[in-house]
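Quick notes on the structure that follows.
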Amino acid sequence: MLLLFSDRAELRIGVPASTEGYACASGNYNPIRVSQTFASCANFSRTVTHEIFSSAAARARIETWAVENKIAKVRYFFPNFVGMMRNDNTKI
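Quick note on our numbering: the sequence shown kicks off at 1479 and runs consecutively.
This is the structure in structure tokens:
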């Protein structure tokens, strides 16, 4: 996942190879997200990472990297999901 802060600043965030931990925590066991077999049947080469995981990972990085752990400086956070990502960080 790539976060663009300006023309000069970007941050890349990796996604986990497995989303089973997220599925357990959230209760979202959508087979396209947790089953390689099901994802293959849906013509995906790998499982698909949940956008809420991506949003949380992005927010955490913004808080620690961009505002140096001063969370109050984040006055607005509105993620824009523009496409699906595979767990290997490639766009679908």
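All C-beta atoms in this analysis are idealised placements derived from N, C-alpha and C, irrespective of residue type, glycine included.
Helix, strand or coil: how does DSSP classify residue i here?
i	result
Arg1490	strand
Val1560	coil
Val1552	coil
Val1545	coil
For the alpha helix (DSSP H) that contains residue i, what are its first and last residues?
i	result
Glu1529	Glu1529 to Arg1539
Tyr1507	Run containing Tyr1507: none; DSSP gives neither H nor E here.
Ala1517	Gln1514 to Cys1519
Under 8 Å by Cβ, that's how I've got residue i and residue j pegged, so tell me the actual separation to the nearest angstrom.
i	j	result
Thr1497	Phe1522	With 8 Å as the limit, Thr1497 and Phe1522 do not qualify as a contact, their Cβ atoms being about 13 Å apart.
Val1526	Ile1510	5 Å
Arg1537	Phe1559	Between Phe1559 and Arg1537 the Cβ distance is about 13 Å, and since that is not below 8 Å, they are no contact.
How many Å lie between residue i and residue j at the Cα?
i	j	result
Gln1514	Tyr1507	13 Å
Val1586	Ser1518	The structure shown does not extend to residue 1586, since the chain spans only 1479 to 1570, so no value can be given for it.
Val1512	Ala1520	13 Å
Trp1543	Arg1524	29 Å
Ala1534	Gly1505	16 Å
Met1562	Ile1549	28 Å
Asn1547	Pro1494	23 Å
Gly1499	His1528	11 Å
Cys1502	Val1545	30 Å
Measuring from the CB of residue i, is there a heavy atom of the ligand ZN at a distance below 6 Å?
i	result
Tyr1500	No copy of the ligand ZN occurs in the structure displayed, which carries no ligand at all.
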